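Chemist: When we follow our numbering, the leftmost residue of the sequence shown carries the number 1, and every step to the right adds one. Just so you know, even glycine gets a beta-carbon here, dropped at the ideal spot from N, CA and C. Nothing here was measured: the structure is a model prediction, and the numbers come from that model. Sending over a structure as structure tokens; questions will come in a sec.
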Amino acid sequence: MKITKICCIGAGYVGGPTMAIIAQKCPQIQVTVVDLNEERIATWNDEDVNNIPIYEPGLSEIVKEARGRNLFFSTEVDKAIDEAEMIFISVNTPTKTYGKGKGMAADLKYIELCARQIARVSTSNKIVVEKSTLPVRTAEAIKSILDNTGNGVKFQILSNPEFLAEGTAVQDLLHPDRILIGGDTTEEGQKAIQALVDVYANWVAVGKILTTNVWSSELSKLTANAFLAQRISSINAMSELCEKTGADVNEVARAIGMDSRIGPKFLKASVGFGGSCFQKDILNLVYIAKSYGLNEVADYWEQVIIMNDHQKRRFSSNIVKTLYNTVSDKKIAFLGWAFKKDTNDTRESAAIYVADDLINENAKIAVYDPKVSYKKVLADLDYLQTRTADKNAESIVSFENPYKACEGAHAVAILTEWDEFVTYDWQKIYDAMQKPAFVFDGRNILNAAELEKIGFVYQAIGS
Ligand code: NAD
Ligand code: UDX
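Rendered as structure tokens:
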């Protein structure tokens, strides 16, 4: 089966960039990305491509090339579903905030709504592709909804999890380590798999396209995220031990990373991992393990989250302790609010939790982030519901100029590893701060010796 029209439901951090690359690499396929969120679609269609809702290096150029040619963004969900031979579901699957599994299980209501809409609207056979990260065996539920429409339309369900990381989404999509496609072992299932393989084969070597059964594919995604997050919690656990023993976590990471069995990546000690995926997916894994009565498996993975929460709290407690046990009415400058560099995404960013802790201690926070607006900062804090929105607004401000953010501050805290922070005139920052001037480097990006020479009291993670 040759695919000529693709529809993607969900124009978010995954749907937008993934479809932009498919459209760029497959000019013969018409790709329509749909979303319920009118504002999001309007910004994807903004005449000035620099205003698209997601900041990713290289993305606006690709959107510029393909948009209007074979890449379209629309709110007409029904029409796009009906026209397409292949439909990607790329909607959000957040942690449940209510009912059974609250705080752990994935909330599949958006997925189910998509399945029901596809069932209602479709008048011809479709391949439905799970792009969202889903609990193992979700395809079964989708299939049950799709197979009960009674209108004779046939559906094949594939699992095709996305492994891109934000900030490097374009490069990850252009040069993936692998593409994973899970499908039915039946003849129809294999044909559907082949149709999706053919799409990717436009730019990915066939040897990198891995096909499995649906359940292995679904579970591989949760497993990959769990392993990656586990490495960060492992090195962060060691960072605390380093601080007590005089070892340096950067040196330890280098030493173990040269062991080819361990490898050098994902060993950067930090203020804690953030992002929309790691915590959500591990909690989901823990929930699934518990639901099968596998308590030891569940506890093992839950520890990754416990360690991460500890690392964030440890960072804020250390600021309070170092500033003579009080930050009340002291200005603390935050460099960075995004959960990592090169993205405007702030979901689960460590900065939010560190700020929340410090505001509980009556600190005044001044934020500078090159890609995050004040509106977003406030929304992130309000979402925690620790205090009123007015109190949050009184306690935190943001600046468009990093030097202004640091002016008069008792301490600077680095929360995101934006490259530009390294190149700042740190002497100028020092001169305008209260003395002693403290720097808490939650990303280990600054040069300790240089900062100490200027006069800063500099503290990094794990040394
Ligand atoms: P997102 O919140 O950025 O985007 C999801 C979009 O889906 C939203 O714009 C929302 O309005 C839309 N939507 C929800 N229900 C809809 C419906 N019924 N009809 C039309 N639109 C609807 O989420 P995201 O970060 O793109 O993540 C999507 C999925 O991909 C999640 O399952 C996530 O776990 C997974 N994932 C994310 C990343 C990442 O880096 N963000 C990486 C790999 C996998
Ligand atoms: C992650 C996975 O990497 C990706 O494969 C998956 O598709 C989605 O989830 P993402 O969350 O976008 O991607 O970014 P990632 O680079 O994994 O970073 C996650 C968090 O871990 C960030 O807060 C980052 O700063 C932190 N991190 C990462 C560390 O603290 N140390 C490291 O060594 C690596």
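1. Taking buried to mean at least 16 other C-beta atoms within 10 Å of its own C-beta, is residue 443 buried or exposed?
2. Whose CA, out of 103, 26 and 92, lies closest to the CA of residue 65?
3. Could you check the C-alpha separation between residue 193 and residue 50 for me, to the nearest Å?
4. Within the continuous alpha helix (DSSP H) that includes residue 9, where are the two ends?
5. Less than 7 Å between the C-beta atoms of residue 332 and residue 411, yes or no?
6. Is the CB-CB distance between residue 5 and residue 85 below 7 Å?
7. Is the beta carbon of residue 128 less than 7 Å from the beta carbon of residue 157?
8. By how many angstroms is the C-alpha of residue 79 removed from the C-alpha of residue 123?
9. So what does DSSP say about residue 268, is it helix, strand or coil?
10. To test your reading of the DSSP string, which unbroken beta strand (DSSP E) runs of 3 or more residues are found completely within the stretch 192-241?
11. Would you check if the stretch 278-290 and the stretch 97-105 touch, i.e. whether three or more CB-CB distances between them fall below 8 Å?
12. For residue 106, list the residues DSSP reports as bridge partners.
13. Quick one: complete alpha helix (DSSP H) runs, 4+ long, within the stretch 288-355?
14. Tell me the rounded alpha-carbon separation between residue 373 and residue 339.
15. With contact counted as at least three CB pairs below 8 Å, one residue from each stretch, are the stretch 246-255 and the stretch 414-426 in contact?
16. Can you check the stretch 370-431 for any beta strand (DSSP E) of at least 3 residues that lies completely inside it and give the ranges in chain order?
17. Tell me which residues pass a beta-carbon proximity test against ligand 2: closer than 5 Å to any heavy atom, given in chain order.
18. Who are the near neighbours of residue 451 in its chain, counting only those whose CB is closer than 7 Å to its CB and skipping five residues on each side?
19. Using a Cβ-Cβ cutoff of less than 8 Å, which residues in the same chain neighbour residue 160 once the five nearest sequence positions on both sides are dropped?
20. Nearest-angstrom Cα distance between residue 165 and residue 172?
21. For residue 371 and residue 335, I'd like the C-alpha separation in whole angstroms.
22. Which word fits residue 38, buried or exposed, when buried means at least 16 other C-beta atoms lie within 10 angstroms of its C-beta?
23. Rounded to whole angstroms, what is the Cα-Cα separation between residue 72 and residue 1?
24. Pull up the distance between the alpha-carbon of residue 220 and that of residue 226, whole angstroms please.
25. I think residue 138 touches residue 280, with their Cβ atoms under 8 Å apart; what is that distance to the nearest whole Å?
26. In terms of residue numbering, what span does the beta strand (DSSP E) encompassing residue 181 cover?
27. Using 10 angstroms around the beta-carbon of residue 308, count the other beta-carbons present and answer buried if the total reaches 16, otherwise exposed.
Modeler: In brief:
1. Position 443 of the sequence shown, counting from 1, holds the residue named residue 443. Buried, because 16 or more other Cβ atoms sit within 10 Å of the Cβ of residue 443.
2. Start at 1 with the first residue of the sequence shown, and residue 65 comes out as number 65. Of the listed residues, the one whose Cα sits closest to residue 65 is 26.
3. One-based indexing of the sequence shown puts residue 193 at position 193. One-based indexing of the sequence shown puts residue 50 at position 50. Whole-angstrom Cα-Cα distance: 35 Å.
4. Numbered from 1 along the sequence shown, position 9 holds the residue referred to as residue 9. No alpha helix (DSSP H) contains residue 9, which is instead part of the beta strand (DSSP E) from 5-9.
5. Here residue 332 refers to the residue found at position 332 of the sequence shown. Here residue 411 refers to the residue found at position 411 of the sequence shown. Taking 7 Å as the Cβ cut-off, residue 332 and residue 411 qualify as a contacting pair.
6. In the sequence shown, counting from the first residue as 1, residue 5 sits at position 5. In the sequence shown, counting from the first residue as 1, residue 85 sits at position 85. Yes, the pair counts as a contact, with Cβ atoms nearer than the cut-off.
7. In the sequence shown, counting from the first residue as 1, residue 128 sits at position 128. In the sequence shown, counting from the first residue as 1, residue 157 sits at position 157. Contact: yes.
8. By 1-based counting over the sequence shown, the position of residue 123 is 123. By 1-based counting over the sequence shown, the position of residue 79 is 79. Each residue's Cα considered, the two are about 11 Å apart.
9. Indexing the sequence shown from 1 puts residue 268 at position 268. In the structure shown, residue 268 sits in coil (DSSP, three-state: anything other than H, G, I, E or B).
10. 209-212
11. yes
12. If you number the sequence shown from 1, residue 106 lands on position 106. The partner list for residue 106 (beta bridge, DSSP) reads 95.
13. 295-322
14. One-based indexing of the sequence shown puts residue 373 at position 373. One-based indexing of the sequence shown puts residue 339 at position 339. So the alpha carbons of these two residues sit roughly 14 Å apart.
15. no
16. 396-398 and 411-414
17. 163, 165, 166, 232, 266, 268, 270, 273, 274, 275, 277, 339 and 340
18. Within the sequence shown, the letter at position 451 stands for residue 451. Only 426, 439 and 458 meet the Cβ criterion.
19. Position 160 of the sequence shown, counted from the first residue, corresponds to residue 160. Closer than 8 Å at Cβ, skipping near neighbours: 88, 129, 130, 131, 179, 180, 181, 182, 196 and 217.
20. In the sequence shown, residue 165 corresponds to position 165, counting from 1. In the sequence shown, residue 172 corresponds to position 172, counting from 1. So the alpha carbons of these two residues sit roughly 7 Å apart.
21. As a first step, residue 371 is located in the sequence shown; it is residue number 371 there, counting from the start. As a first step, residue 335 is located in the sequence shown; it is residue number 335 there, counting from the start. Their Cα atoms are separated by approximately 12 Å.
22. Here residue 38 refers to the residue found at position 38 of the sequence shown. Burial call: exposed.
23. In the sequence shown, the residue the question calls residue 72 occupies position 72. In the sequence shown, the residue the question calls residue 1 occupies position 1. Cα to Cα, residue 72 sits roughly 23 Å from residue 1.
24. As a first step, residue 220 must be located in the sequence shown, where it is residue number 220. As a first step, residue 226 must be located in the sequence shown, where it is residue number 226. Cα to Cα, residue 220 sits roughly 10 Å from residue 226.
25. As a working mapping, residue 138 is identified with position 138 in the sequence shown. As a working mapping, residue 280 is identified with position 280 in the sequence shown. Going by Cβ atoms, the distance from residue 138 to residue 280 rounds to 14 Å, so no, they are not a contact pair.
26. Counting from one through the sequence shown, the residue named residue 181 turns up at place 181. It spans 179-182 - the beta strand (DSSP E) in which residue 181 sits, taken as one unbroken run.
27. Here residue 308 is taken as the residue at index 308 of the sequence shown, counted from 1. Flag for residue 308 reads buried.
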